[in-house]
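Chemist: Before I ask anything, let me first share the structure, which is written out below as structure tokens.
Right, here's the structure in full:
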């Protein structure tokens with residue numbers, strides 16, 4: 006178990022050896038050992054996190070709209086970037102390490118007086134500069150993901166819409182109005198895009214057709230797809246203040262494992278890229294890490 010002040014975001018490093026959490030502080034945990042490393046705090050509390058595939062850098066989005074790039078080994082801020090006008094809620098790095106996407110959404114009282122920042126930025130990680138702004142969202146961003154080949158980036162928004170863009174051109178490929186609630190998770194498998202609003206949907210990014218739905222008996226909150234695309238982690242709430250996490254088969258929706266008694270409704274979930282580890286938020290300040298058996 007990893008004990009933190011709070012959890013706004015979490016992700017495994019590309020090697021799977023570290024789990025990063027953002028929640029005020031940016032904290033790196035040894036997946037196997039639970040060893041803890043707290044990174045320096047930037048200009049404001051951390052609200053989002055993403056690892057670079059080189060395992061040498063971790064990127065944190067902050068409450069004041071800035072983004073910090075850390076050197077993992079040296080535990081030092083390598084660079085600070087000025088980005089959004091309110092909280093950076095979502096970050097994603099392309100599998101080849103060339104691009105980063107960032108998005109923001111109003112989540113705290115501090116920023117409620119500000120206009121909603123609906124912009125999604127695509128950053129060149131070689132130059133640490135904004136390459137282009139991705140247009141088409143009508144509300145703030147809640148989540149981001151790149152396709153396995155790095156050609157497409159997708160965003161889930163506060164108003165229930167999922168948008169996908171071509172990375173090279175910046176043109177909008179598709180826009181789906183799937184949900185009444187905010188889209189809290191997007192994740193690619195080998196050939197399609199999964200998203201989570203009130204339910205989970207697998208969508209073909211070329212045609213926009215919904216291929217598969219998972220509708221659990223609870224209000225769905227978040228989703229992660231295991232490597233290979235056969236197993237999904239879903240989380241949500243069957244009653245106010247009572248959350249749960251399940252591992253289900255993507256094809257059938259059949260439950261393989263469940264953790265209940267989580268004190269809040271939409272726990273964050275994550276798989277390591279190599280499939281060795283699975284993590285889930287258990288309380289507001291505790292994350293569980295499991296070794297996955299195959």
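In this note's numbering, the protein residues as written are 6 to 299. Glycine is no exception: its CB is placed at the ideal position from the N, C-alpha and C atoms.
1) Assuming residue 89 is part of the beta strand (DSSP E), what are its boundary residues?
2) Buried or exposed: where does residue 211 fall if 16 or more other Cβ atoms within 10 Å of its Cβ makes it buried?
3) Here's a check: name, in chain order, each residue in its chain whose Cβ is nearer than 7 Å to the Cβ of residue 258, leaving out the five neighbours to either side.
4) Got a sec? Which residues, its chain only, sit under 8 Å from residue 235 by beta carbon, not counting five neighbours each side?
5) Once DSSP output is grouped into helix, strand and coil, what is the label at residue 77?
6) Which residue or residues does DSSP assign as beta-bridge partners of residue 230?
7) By Cβ distance, which residues of its chain are closer than 8 Å to residue 57, with the 5 residues on each side in sequence left out?
8) Can you tell me whether residue 38 is helix, strand or coil according to DSSP?
9) Just mark residue 80 as buried or exposed, buried being the case when its beta carbon has 16 or more other beta carbons within 10 Å.
10) Alpha carbon to alpha carbon, how far is residue 51 from residue 24?
11) Pull up the distance between the alpha-carbon of residue 29 and that of residue 178, whole angstroms please.
12) Any idea which residues DSSP pairs residue 184 with across the strands?
13) With respect to the beta strand (DSSP E) encompassing residue 148, which residues constitute its N-terminal and C-terminal limits?
14) Are the Cβ atoms of residue 138 and residue 161 separated by less than 9 Å?
15) Secondary structure at residue 169, three-state DSSP: helix, strand or coil?
16) Looking at the structure shown, is residue 130 part of a helix, part of a strand, or coil, going by DSSP?
17) Please report the distance separating the alpha-carbon of residue 22 from that of residue 34.
18) Between which residues of its own chain and residue 164 is the CB-CB distance below 8 Å, once the five residues before and five after are set aside?
19) Taking Cβ positions, are residue 40 and residue 26 nearer each other than 9 Å?
20) Quick check on residue 210: does DSSP put it in helix, strand or coil?
21) Across which residues does DSSP place residue 201 in a beta bridge pair?
Modeler: Judging by the given coordinates:
1) Note, residue 89: premise wrong, no beta strand (DSSP E); not H, not E.
2) Answer is exposed; the Cβ neighbour count stays below 16.
3) Cβ neighbours of residue 258 beyond the five flanking positions: 219.
4) Cβ within range, chain order: 254, 255, 256.
5) Assignment of residue 77 by DSSP, reduced to helix, strand and coil, places it in the coil class.
6) Within the DSSP bridge table, the entry for residue 230 names 237 as partners.
7) Its chain contains 19, 63, 64, 98, 102, 130 as the residues whose beta carbon lies nearer than 8 Å to that of residue 57, once the 5 sequence neighbours on both sides are disregarded; these appear in chain order.
8) It is coil, neither helix nor strand.
9) Here residue 80 is exposed: its Cβ has fewer than 16 other Cβ atoms, across all protein chains shown, within 10 Å.
10) Approximately 15 Å between the Cα atoms of the pair.
11) Taking the CA atoms as reference points, residue 29 sits about 35 Å from residue 178.
12) DSSP, once it has assigned bridges, lists no residue as partnering residue 184.
13) 146-151 is the span of the beta strand (DSSP E), which, as asked, contains residue 148.
14) The answer is no: Cβ separation not under 9 Å.
15) In the structure shown, residue 169 sits in a strand (DSSP, three-state: E or B).
16) It is coil, neither helix nor strand.
17) Note on geometry: alpha-carbon atoms of residue 22 and residue 34 lie some 8 Å from one another.
18) Within the same chain, residue 164 has close Cβ partners 143, 144, 187.
19) Contact flag unset, no.
20) Correct three-state label for residue 210: coil.
21) Here residue 201 is bridged, per DSSP, to 190, 205.
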